[in-house]
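Those sequence lines, one after another, are chains V and G. Remember, the working numbering sits 1484 above the position in the first sequence when you count from 1. Remember, the working numbering sits 278 above the position in the second sequence when you count from 1.
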Amino acid sequence: MTTLTDPPKDSFRLSMLLYDTRYRSMTIQVIALLGFSAFVWWLIGNTAQNLSDLGKEPSFRFLGEPAGYDINQRLIEYNSQSSHFRAAMVGVLNTLVIAFLGCILATVLGVAIGVLRLSKNWIVARIMTVYVEMFRNVPVLLWIVLAMAILIETLPAPNAFRGDTPSASMILNSVAITNRGIFMPAPSFTTELVSSSVAWWLVIGVFVASVLGVRYVRKSATATQNATGVRPTTWYLQLGILFVPMAILLLVLGLQWTSPELKGFNFKGGLHLRNSLIALWLALSFYTAAFIAENVRSGIMAIAKGQSEAAGALGLRPNRIMSLVVLPQALRVIIPPLISQYLNLTKNSSLAIAVGYMDITGTLMGISLNQTGRELETLLLGMLIYLTISLIISTVMNVYNSRMQLSER
Amino acid sequence: MSDTHAKTVSFVRTEMLPEKAPPITSIGPIAWARENLFSGPINTIITLLSLAFIYLILSILLPWMFSNTWSATSLRECREMTGTDHGSACWGVIRERWEQILFGFYPQEERWRPILALVLLIVAIAPILFTAVPRKVLWLSAIYPFLMPWLLWGGTIWLPVMVALGFVIAYLIVRFGEDLIGSLGSMVGAVAAAVIWWLFLASPIANAFASVLPLALETVGSREFGGLLLSITIGVVAIGLSLPIGIVLALGRQSDLLIVKTICVGFIEFIRGVPLITLLFVASTLLNIFLPPGTSFDIILRVIIMVTLFSAAYMAEVIRGGLAALPKGQYEGGDSLGLNYWQAQRLIIMPQALKISIPGIVSTFIGLFKDTTLVSIIGLLDPIGLATAIRADSDWIGVLWELYGFIALLFFVICFGMSRYSMYLERKLKTSH
């Protein structure tokens, strides 16, 4: 049986590819695919032609060759005889370090400033507004370059620490802030039982285990509270779990601090935080904090006023209202833009090249590129690394986001 | 009633007293200060600390700022004039170099051209930004994209005229060809005619006209561009081009066509996953390798291409947010009126979606304009690149705050202005209550 709404069953005609909506989308897609393939084919053809004209053959063999340059800020063993691949790994780790440090400081600053911007105290709110507008509307590269210049030009030279009446002195006799960076005491282990890298892994392992233990104690306390209505006092237990195993471990390993000492023209020994790292870290954090502050502010303002009024009616004090009622709800609004700020900070860390901090842009896409002349391979690899990092950050944060979201039935 | 009352009570006032002014502590500045600054002990302490902080900043900043060193020609001279090492600013560097920071090495006698281009830019975008401006100015907006490159780079006027003529030809074919060969045929014909015109005819005809009637400005090479002029050129061109590309990408990402959608998503996510600086490296070292052998074009153009692609991806995401925020009824309403896809987009969807995404679009613009400073890393002399060069000059070694402060102020004024404009627009376009 046929009804009026049945489509007419005529045979397929060529013009239906254009004028029949059932087939037109297919036509468009095929044309788009053909056009795109032709474009890519054209690009690849040009690239192959140009590279063979230049006498280059695309290959990643250069990664195994010795790099031949030094990197002054590194987390893993590296010397000028190491391969370009090793140099790239040093760069990736440096990128991750600056991204990690930057995200932490930017979050702390951003949340504080965002909350203070809504403060009832007029003058505090105004100061924070000025901070946000000042940092948001000036390029981050300018902040980075300016921070570097300030560190170099206004801090005392190591020479100023010399002599009987030095014009600068070390803080607590162990930390020296100079125009070549900050020199701090470095921890090391005297034990003969295990090698130093194993010792470090032990310390990290015990720390993670303690944190997990504290979380378990808190969870069981909450369970007890839910069951009986009384929360057991556990703060001494938490403190004990956090500190006692760590103290015992450090005692066994024989922790000692080596203080930096002035030798020759510079400080020797201890931990040396270079200016490039500090300038980049501070500039990126302060800049991103201004954006995070705005996200926090709009997140807080998105929470209905009734929530804080109800909390006030229950007798909570203003700071408890903020931390117990408003912020946990605002977090749901804040996290998605926060993810993109973290991604921005990570991508902006590539500006390290402006102050000579050797991140992935400085090693692989900087010196390695110039030494091997392999623009295509290094840039492709560098972009892939950044893509991977971005993807990992957004995946992790999205998992966190979905756990924080309101679970509705 | 009132009589008896008057007899039983010894005294009753019979007329109303005038209202008394409220106590001084509950109105006016004192009340305001009590409410907002000194509402409790902690608040009072915070207020006093903040005031001390502001005083500290101002007590350093003001004496530093008001130092009469405008005539100095080197940092040494400044130090001699003021007698201190760090306590006061050295404004001589700004007086000597401000033109360079604004124009780079653009020839002195040709500087009226970028200024004219900027003035015309403001006039040309005025009718787009503010509805109060007469609509006739839109004609200037239409020819401005062809006028600006001619003013900035110079050369013969016939080339931009011929390029513009290509658009006119395409328009005429669409307008009058529709009756003859149908809407689709005229569309294809218009594109083909314009491409043929640009590739094969425009340049010889322009040369012919130029030899008959040479109307030309002196050519200024891209290497001579610099300073804020460079930032604004890259920023304005990339902003202008990225908006339409971003709209197309956003529509592609939202469409039902799987292949089109995949291509758009791949492009957007790739661009958003890598830092701009890597794309600028591509522009400076790699872009020529992707193009047919023998092509080589100027570094500013290459940078503009990469910056445009970069901001188009961000723009697409902002506009996609606007598209997603529209209620489904709007799309269905368009369908039920019998509009086809493009009509519905043009008349119903886009005006609303763009309105919703205005704050995001403007903040993308601000971000793009700030990101133009990254070109200093690949060796172009934007304000930051120039500042590095000036600080390397033996006369001005050690100049820090004056120079970077001046550049920061330039960027601040422009970016802050844009963000205020976005707020104004949001208020104006708000149709809800």
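Even for Gly, the Cβ is constructed at its ideal location relative to N, Cα and C.
Exercise. Under three-state DSSP, which class holds V:A1641?
Worked result: Within the first sequence, residue 1641 of chain V is the residue found at index 157, counting from 1. Here V:A1641 sits in coil by DSSP.
For this session: For V:L1559, collect the residues of the same chain with a Cβ closer than 6 Å to its Cβ; drop the 5 residues on either side in sequence, then sort them by chain order.
Result: Position 75 of the first sequence holds residue 1559 of chain V. In the same chain as V:L1559, and ignoring 5 residues on each side of it, the C-beta atoms closer than 6 Å to its own belong to L1577, in chain order.
For this session: Flag V:S1874 as yes if its beta-carbon sits less than 8 Å from any beta-carbon of chain G, otherwise no.
Result: The residue given as residue 1874 of chain V occupies position 390 in the first sequence. Using a Cβ-Cβ cut-off of 8 Å, V:S1874 counts as an interface residue toward chain G, since at least one Cβ of chain G sits closer than that to its own.
For this session: Give the C-beta separation of G:E595 and G:I555 to the nearest angstrom, bearing in mind that I take them to be a contact with Cβ-Cβ under 8 Å.
Result: For the purposes of this step, residue 595 of chain G is identified with residue 317 of the second sequence, where counting begins at 1. For the purposes of this step, residue 555 of chain G is identified with residue 277 of the second sequence, where counting begins at 1. About 20 Å separates the beta carbon of G:E595 from that of G:I555, a gap too long to meet the 8 Å contact definition.
Exercise. Leaving out five residues before and five after G:L707 in sequence, what residues of the same chain have Cβ atoms less than 6 Å from its Cβ?
Worked result: Your numbering for residue 707 of chain G matches position 429 in the second sequence. Beyond the five residues adjoining it in sequence on each side, G:L707 comes within less than 6 Å, by CB distance, of K633 in the same chain, given in chain order.
For this session: Give a yes or no on whether the minimum CB-CB distance between V:V1608 and chain G is below 8 Å.
Result: Start at 1 with the first residue of the first sequence, and residue 1608 of chain V comes out as number 124. Chain G places a beta carbon closer than 8 Å to that of V:V1608, counting this residue as a contact.
For this session: For chain G, find out if any of its Cβ atoms is closer than 8 Å to the Cβ of V:F1691; answer yes or no.
Result: Taking the first sequence and counting its residues from 1, the one referred to as residue 1691 of chain V is at position 207. By this cut-off, V:F1691 is not an interface position.
Exercise. According to DSSP, which residues form a beta bridge with V:M1668?
Worked result: Working through the first sequence from its first residue, we reach residue 1668 of chain V at position 184. Beta-bridge pairing links V:M1668 to V:L1755.
Exercise. Taking Cβ-Cβ distances below 8 Å as the criterion, which residues of the segment 1613-1637 of chain V are in contact with chain G?
Worked result: Against chain G - using a Cβ distance shorter than 8 Å - the residues of the segment 1613-1637 of chain V are E1617, M1618, R1620, N1621, V1622, P1623, V1624, L1625, L1626, V1629, L1630, A1633, I1634 and E1637.
For this session: Go through its chain and collect everything with a Cβ distance to V:L1547's Cβ below 6 Å, but skip five positions before and after it.
Result: By one-based count along the first sequence, residue 1547 of chain V stands at place 63. Cβ neighbours of V:L1547 beyond the five flanking positions: H1568 and F1569.
Exercise. V:Q1513 versus chain G: which residues are under 8 Å apart at the beta carbon?
Worked result: Residue numbering aside, residue 1513 of chain V sits at position 29 when the first sequence is read from its first letter. Against V:Q1513, the close residues of chain G are L535, L536, I537 and V538, in the order they occur along the chain (beta-carbon pairs closer than 8 Å).
For this session: Answer with yes or no whether the minimum CB distance from V:E1541 to chain G is below 8 Å.
Result: As a first step, residue 1541 of chain V must be located in the first sequence, where it is residue number 57. Cβ-Cβ to chain G under 8 Å: no for V:E1541.
For this session: Would you check if the segment 661-676 of chain G and the segment 337-357 of chain G touch, i.e. whether three or more CB-CB distances between them fall below 8 Å?
Result: Segments in contact, yes.
For this session: Note down, in chain order, each residue of its chain lying with its Cβ closer than 7 Å to the Cβ of G:W342, except the 5 sequence neighbours on either side.
Result: Position 64 of the second sequence, counted from the first residue, corresponds to residue 342 of chain G. Correct list, in chain order: G365, S366 and A367.
Exercise. Which residues in the same chain as V:S1771 place their Cβ atom closer than 6 Å to its Cβ, once the five residues preceding and following it in sequence are excluded?
Worked result: One-based indexing of the first sequence puts residue 1771 of chain V at position 287. Note on identity: in this sequence residue 1771 of chain V is Tyr, with Ser being the wrong assignment. Excluding residues within five positions, the ones whose Cβ falls inside 6 Å are F1619, V1624 and W1627.
Problem set entry | G:I302 (DSSP reduced to helix, strand or coil) | Position 24 of the second sequence holds residue 302 of chain G. Coil at G:I302, not helix or strand.
For this session: Check whether the Cβ of V:M1500 lies closer than 8 Å to any Cβ atom in chain G.
Result: The sequence position of residue 1500 of chain V within the first sequence is 16, counting from 1. With 8 Å as the cut-off, V:M1500 does not count as an interface residue toward chain G.
Problem set entry | Per-residue contacts from V:N1534 into chain G (C-beta, under 7 Å) | For the purposes of this step, residue 1534 of chain V is taken as the residue at position 50 of the first sequence. Within chain G, the residues near V:N1534 are I567 and P571.
Exercise. V:L1746 lies in the alpha helix (DSSP H); which residues open and close that run?
Worked result: Counted from its first residue, the first sequence places residue 1746 of chain V at position 262. From DSSP, V:L1746 is part of no alpha helix (DSSP H) but of the beta strand (DSSP E) over E1745 to K1747.
Problem set entry | Option nearest V:I1582 by Cα separation, candidates V:P1812, V:G1857, V:R1758 and V:L1811 | One-based indexing of the first sequence puts residue 1582 of chain V at position 98. Closest option to V:I1582, Cα to Cα, is V:R1758.
For this session: Can you have a look at G:T563 and say buried or exposed, based on whether 16 or more other CB atoms are within 10 angstroms of its CB?
Result: Position 285 of the second sequence holds residue 563 of chain G. Counting the other CB atoms within 10 Å of its CB gives G:T563 a total of 16 or more, which places it among the buried residues.
Exercise. Should V:A1522 be labelled buried (16 or more other beta-carbon atoms within 10 Å of its own) or exposed?
Worked result: Along the first sequence, read from residue 1 onward, the residue named residue 1522 of chain V stands at position 38. Label assigned to V:A1522: exposed.
For this session: Output the distance between the C-alpha atoms of V:F1749 and V:N1643, rounded to the nearest integer angstrom.
Result: Along the first sequence, one-based indexing puts residue 1749 of chain V at 265. Along the first sequence, one-based indexing puts residue 1643 of chain V at 159. Going from the Cα of V:F1749 to the Cα of V:N1643 covers about 7 Å.
Exercise. Can you check whether the CB of G:F381 is closer than 8 Å to the CB of G:G504?
Worked result: Within the second sequence, residue 504 of chain G is the residue found at index 226, counting from 1. Within the second sequence, residue 381 of chain G is the residue found at index 103, counting from 1. Between G:G504 and G:F381, the C-beta spacing is below 8 Å.
For this session: Could you spell out where the beta strand (DSSP E) holding V:I1661 opens and where it closes?
Result: Taking the first sequence and counting its residues from 1, one reaches residue 1661 of chain V at position 177. Counting along the chain, the unbroken beta strand (DSSP E) around V:I1661 starts and ends at A1660 to T1662.
Exercise. Between V:S1658 and V:F1645, which are expected to be in contact by the criterion C-beta below 8 Å, what is the C-beta distance as a whole number of angstroms?
Worked result: In the first sequence, counting from the first residue as 1, residue 1658 of chain V sits at position 174. In the first sequence, counting from the first residue as 1, residue 1645 of chain V sits at position 161. Not a contact, Cβ separation roughly 12 Å.
Exercise. Residues in its own chain within less than 8 Å of V:R1610 by CB, not counting five upstream and five downstream?
Worked result: Position 126 of the first sequence, counting from 1, holds the residue named residue 1610 of chain V. Contacts found: none.
Problem set entry | For G:F694, the nearest candidate out of G:I656, G:S641 and G:Q630 (CA to CA) | Locating residue 694 of chain G in the second sequence gives position 416, counting from the first residue. When only C-alpha atoms are compared, the closest one is G:S641.
Exercise. If you measure from the beta carbon of G:V466 to each beta carbon in chain V, is any gap under 8 Å?
Worked result: By 1-based counting over the second sequence, the position of residue 466 of chain G is 188. So no, G:V466 is outside the interface.
Problem set entry | Segment contact flag, the segment 1777-1784 of chain V with the segment 1592-1605 of chain V, C-beta cutoff 8 Å, min 3 pairs | A contact between stretches requires three or more CB pairs, one per stretch, nearer than 8 Å, and the segment 1777-1784 of chain V meets this requirement with the segment 1592-1605 of chain V.
Problem set entry | Residues bridged to V:S1567 [DSSP beta-bridge criterion] | Locating residue 1567 of chain V in the first sequence gives position 83, counting from the first residue. V:S1567 is bridged to V:P1550.
Exercise. Going along chain V, which residues have a C-beta under 7 Å from G:S352?
Worked result: Mapped onto the second sequence, residue 352 of chain G falls at position 74. Within chain V, no C-beta atom comes nearer than 7 Å to that of G:S352; the closest sits roughly 17 Å away.
For this session: Determine, using beta carbons only, whether V:Y1507 comes closer than 8 Å to chain G.
Result: In the first sequence, counting from the first residue as 1, residue 1507 of chain V sits at position 23. Not closer than 8 Å to any Cβ of chain G, the Cβ of V:Y1507 fails to qualify, so no.
Exercise. Using a Cβ-Cβ distance under 8 Å, would G:F643 count as near chain V?
Worked result: Here residue 643 of chain G refers to the residue found at position 365 when the second sequence is read from its first residue. For G:F643, the answer is no, since every Cβ of chain V falls outside 8 Å of its Cβ.
Exercise. With 16 as the cutoff for other CB atoms within 10 Å, does V:W1510 come out buried or exposed?
Worked result: Along the first sequence, read from residue 1 onward, the residue named residue 1510 of chain V stands at position 26. Sequence inspection shows Met at residue 1510 of chain V; the Trp mentioned does not correspond to that position. Per the 10 Å Cβ criterion, exposed.
Exercise. Whole alpha helix (DSSP H) runs in the segment 1579-1639 of chain V with 4 or more residues, listed along the chain?
Worked result: Listed in chain order, they are 1606-1620 and 1624-1638.
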